[in-house]
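Residue numbers (our numbering), protein chains in the order written: chain A, 1 to 114; chain B, 115 to 229.
Below is one structure, written out as structure tokens; the observations come after it.
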Amino acid sequence: AQSVAQPEDQVNVAEGNPLTVKCTYSVSGNPYLFWYVQYPNRGLQFLLKYITGDNLVKGSYGFEAEFNKSQTSFHLKKPSALVSDSALYFCAVRPDTGRRALTFGSGTRLQVQP
Amino acid sequence: DAGITQSPRHKVTETGTPVTLRCHQTENHRYMYWYRQDPGHGLRLIHYSYGVKDTDKGEVSDGYSVSRSKTEDFLLTLESATSSQTSVYFCAISESGGSGNQPQHFGDGTRLSIL
């Protein structure tokens with residue numbers, strides 16, 4: 001069975017500073033990895049995905065994520081945080097074969113201070 | 115935004131009553147999912163569908179049933195609601211093409227309170 005760990009319930013960062021939201025995963029076979037963001041009272045919005053190829057994936061709103069197979073990690077990053085980035089972030093994984101349902105981490109709340 | 119509508123958006127009901135939540139999509143996507151979101155658990159899969167009348171259980175399916183009689187509609191039913199089913203419920207859809215690496219797109223959720 002697959003699993004996702006987001007070890008930090010909350011990450012605090014000052015506006016303009018770089019941010020990292022951590023994610024590690026466990027899956028049989030090759031992983032498909034996803035990051036989603038959730039704003040209050042809204043559904044999850046897709047940010048980026050890793051399927052294969054380049055380990056550095058670029059996504060929406062200036063976010064990027066680095067896939068590290070040896071460390072089974074897929075950390076979300078942004079060079080310069082904005083106050084508007086404050087939200088709940090979810091990492092998700094599924095294997096590259098079999099059923100398509102995702103397994104989500106428990107989420108990390110990002111708070112960007114002005 | 116993907117054309118996904120969940121109804122109702124909010125519902126309060128009593129223990130033991132039946133509840134049906136509806137997810138309607140206008141994208142003609144093959145795959146549809148129901149998740150519940152609870153603090154500390156992220157999103158957990160309840161049921162999903164890979165086509166009309168084709169459904170499968172997720173990790174927290176006990177107490178829930180689903181039906182999909184049309185491509186665009188996926189219904190989630192709580193036959194006899196319990197307080198432990200108080201949660202926010204999300205529907206998601208995804209395309210069927212390629213190798214299945216398309217992201218899921220989510221509705222805005224239904225907040226269900228069972229008293």
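From the three backbone atoms N, C-alpha and C, an ideal C-beta is built for every residue, glycine too.
Taking a 10 Å sphere around the C-beta of valine 133/B, we find 16 or more other C-beta atoms and assign the residue as buried.
For alanine 101/A, the neighbours in chain B by C-beta distance under 7 Å run, in chain order, Tyr147, Leu159, Tyr162, Gly172. Legend: CB atoms of the stretch 127-140 of chain B lying less than 7 Å from CB atoms of chain A are not found in any residue. Under the 9 Å criterion on CB atoms, histidine 143/B is classed as non-interfacial with respect to chain A. For tyrosine 25/A, no Cβ of chain B is located within less than 9 Å of the residue's own Cβ. Taking CB atoms only, phenylalanine 74/A has no neighbour in chain B less than 9 Å away. Between phenylalanine 90/A and glutamine 38/A a beta carbon distance of about 7 Å is seen, short of the 8 Å cut, so the two are scored as contacting. Secondary structure in the stretch 44-93 of chain A: the beta strand (DSSP E) runs of 3 residues or longer, each lying completely within the stretch, are 44-50, 56-58, 64-68, 73-78 in chain order. Non-local C-beta neighbours of leucine 192/B in its own chain, meaning closer than 7 Å and more than five positions away in sequence, comprise Pro132, Val133, Gly177, Tyr178, Gln199, ordered along the chain. Here the alpha carbon of glutamine 113/A sits roughly 15 Å from the alpha carbon of proline 79/A. Using beta-carbon distances, valine 21/A does not count as an interface residue toward chain B, since no partner is under 9 Å.
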